Structures are given as structure tokens and as C-alpha cells.
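In order, the protein sequence lines correspond to chains A and B.
Residue numbering for the first sequence follows the working numbering, beginning at 80 and increasing consecutively.
Residue numbering for the second sequence follows the working numbering, beginning at 80 and increasing consecutively.
Cβ atoms here follow ideal geometry from the backbone N, Cα and C, with glycine treated the same way.
Keep in mind that this is a model prediction, so the values were computed, not measured.
Heads up: the structure comes next, in C-alpha cells.
There are 2 protein chains.
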Amino acid sequence: MYSIGEISDKFNLTVSAIRYYDKEGLFPNVKRKNGIRQFDDADVESILVIECLKKSGMQIKEIKQFLDWCNEGDSTIEKRLQMFENQKEKIINQIDELQDAMNLINYKCWYYNEASKRGTDRDLKNININILPEQIKELYIKSHNIKISSK
Amino acid sequence: MYSIGEISDKFNLTVSAIRYYDKEGLFPNVKRKNGIRQFDDADVESILVIECLKKSGMQIKEIKQFLDWCNEGDSTIEKRLQMFENQKEKIINQIDELQDAMNLINYKCWYYNEASKRGTDRDLKNININILPEQIKELYIKSHNIKISSK
DNA sequence: GCTTGACCTAAACTTAGGTTTAGGAGCTAA
DNA sequence: TTAGCTCCTAAACCTAAGTTTAGGTCAAGC
């Protein structure tokens, strides 16, 4: 059994945030003794899942839906499966977006490194991309072309 | 020259969102004709950068800071370089977090697929992880152990 | 016996990133 | 000439995910 303070330390969440999650229905089965919350291993497992789903961009409400389905029993297994399949898709898309962002950032890192060496970016601003090193040229094209030309 | 509506279509942003960005100072140099905004290629390049930095989780205020530095000229090159280096780190961390989330999600997908086949997750709830297929066992350990034991 | 610290609730407040609304201008096609 | 677009501003409104505040209980240690 863990107090709210212990859970707070263990998961690096504020006590208020945990109370807020409880208020939003994320611990429908948490026990109490004299009004004081007592988290058990099942609750810890819940928090693990909650944290993971949060990291993957899921909202509190959707997470609550999942936990409600868990409490409803076997009749909701398909829904839960579907939810995780969808979330998997979303994570893949998010990683793709971050990769795209990374291409532009990497180009900018090269650009400002170059500018830093020269003390100015005067001659870099309108540089002909064909004279860039092949690797940098590729980053430039990936981060500039794809999005504009796909319209 | 592009109207706000054209930019909206091109980047799949609402007209109000673009006006909001302008209000927040993200287009310090946008031209106007009879009060109507006229975006040029430099503005389009800005929006490309804005979209990318937003996707990577940067706030509007920070993006504005960057654009302000651009307008200040060569004296801020080091700051801009540093900003992109930092943002690169942040993207790497975000991808790592998503990978962690993916491990748990993949485990859950296996779990609910199995439950779906059986029609219940009764016997899965307290399964001994050692009898899981090696691949699934690994996912389980990655998504459960690392975070708890690292405390 | 009193203070300190961990716990509790309810309700107000905060912040970011927009959206919505209200009111108005200017072009154009029927 | 009037309806329908696209544009404009200012200001109010919205939502999620907490945080903060105010007021209170209870046990432990000095």
C-alpha cells in the first residue's frame, strides 16, 4: 500500500495532479482508510498505463474511457484492442512528424554552424542548393519541398 | 503574393490561426495593401519554420524569440544555433518517450489480441511472464520494469 | 499542549493556443 | 442593387490539464 505522497515520488507527479486524476475518474477502485487514499499494485499498474498513454498524447477523458472498459469486463475487449491499435497508428504518425521536424532542424543546425564560422549568414540566405554538400542538400529538399509540393 | 486564404489552404491552417500568429508577432514584416495582408515567399518560408517548430513542441513565444533574433541580424547567430541544438535534443527525447510508449502499446496489442481469441482476459491478468513468447516478454519488461526500477 | 507535516475537499485560478462573435469594408456577378 | 465572397479588428469565449488557495482532520514528536 502506498500513500499519495509515495506515488507522487515514485512517478514524479505532483500530489495535486494525482488528486486531479482521481477526480477525473482514473482510479475508480482506489481504496480509502479514514478518507485517505491507499494505492495498491493494481493502482500502480494503472498509473504506469496512464503515464504511457499520456506520453503518447491521449487525453485524460479517453484514458478514463479505457479504464471504464476494463471495469466493464470481457464484453469490451474488442474496444480496448481497437483503442490500442488506433493509438499505435497515432504514435507512428507522431514519430513521423518529429522526423520531419528533425530534417529541418538538422538543416538549420548546419546553416547556423556555417553562419557561425563565417560570422554572418549574408551569403547563405540565397545560396544555390546545388552547391550544398549532398547530405545537406537532401535535408534541405526533404524539409522544404515535400510539404509545399504535396499541395 | 498570397492572401491569407491562400496561405490557409496551402498550410492547412485556419484563417483565424494565421491572424492569431500575426497578432503574436510571428510575421513582423508582413506587407499590407489597404489593410489586407500580402504574404510573400519569405513569409511562406517563415510559416514552414513555424509549423516545423510547432510540431517539435516549441511554444509560440519561443518561436517569436527566434524570429526576433533573425531580424536583429548577425549578432544573434550563436543564440539561434544554440536554440536549434537544444530543440534537436528535445526532439530526440520526445522520440525516445514515444518509443517507450510504443513498447507498452505493443504489449497491450498482443494482450488484447490474445484476450480477443480467448473471449476473455481472465487467465491473462496474472500470467507468469516467463511463459510469454520471448518477444512479448521483452516488451513487457521494457514497459514495466525500466520505469519502476529506475526509482 | 502545541506545532509540524501529511493528508483531505471544494472551488477559484492559470496558461496556451486558438475559436467565435460582432461589426464593418470592398469587390463582383446576377 | 443586392447578395455573397473575402478580407479586417477587437474582444469575448473556450478547453485541457493541471495549480493554488482556503479551510479542515489527524498523528507524531518536543
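Proximity below 8 Å, CB of G198 (chain B) to CB of D153 (chain A): yes
Proximity below 8 Å, CB of P107 (chain A) to CB of N150 (chain A): yes
Element boundaries [alpha helix (DSSP H), containing Q117 (chain B)]: Q117 (chain B) -> not in any alpha helix (DSSP H); beta strand (DSSP E) instead, spanning I115 to Q117.
Partners in chain A for M80 (chain B), counting only beta-carbon separations shorter than 8 Å: Ordered by position in chain A, no residue passes the 8 Å Cβ test against M80 (chain B), which lies about 16 Å from the chain.
Within chain A, the residues that Q144 (chain B) reaches when beta carbons sit closer than 7 Å: Under the 7 Å cutoff, chain A gives no residues; its nearest Cβ is about 15 Å from Q144 (chain B).
Any non-hydrogen atom of the ligand PLP closer than 7 Å to D101 (chain B) Cβ: Inclusion of the ligand PLP in the displayed structure is not the case, the ligand content being empty and no account of it being possible.
Beta carbon proximity, E176 (chain B) to chain A, threshold 8 Å: yes
Candidates A:T93, A:N185 and A:S135: closest to D175 (chain B) by CA position: A:S135
Burial state of S82 (chain B) (16 or more Cβ within 10 Å): exposed
Beta bridge counterpart(s) of R111 (chain A) as assigned by DSSP: A:R116
Proximal residues to L203 (chain B) (C-beta, below 7 Å), its chain only, five neighbours per side dropped: Y190, E193 and A194
K221 (chain B) to L183 (chain B) span [Cα, whole Å]: 8 Å
With 16 other Cβ atoms within 10 Å as the buried cut-off, status of M181 (chain B): buried
CB contact check: R159 (chain B) to chain A, cutoff 8 Å: yes
M162 (chain A) versus D88 (chain A): straight-line alpha-carbon distance, rounded: 30 Å
DSSP bridge partner residues for Y81 (chain B) (one or two, in chain order): B:F118
N165 (chain B), DSSP secondary structure in three states: helix
I97 (chain A) classed as buried or exposed, judged by whether at least 16 other C-beta atoms fall within 10 angstroms: buried
Selected residue, minimal CA-CA separation from Q166 (chain B), among B:C188, B:T155, B:D179 and B:E141: B:E141
Residue interval of the alpha helix (DSSP H) (run including Q144 (chain B)): I139 to E151
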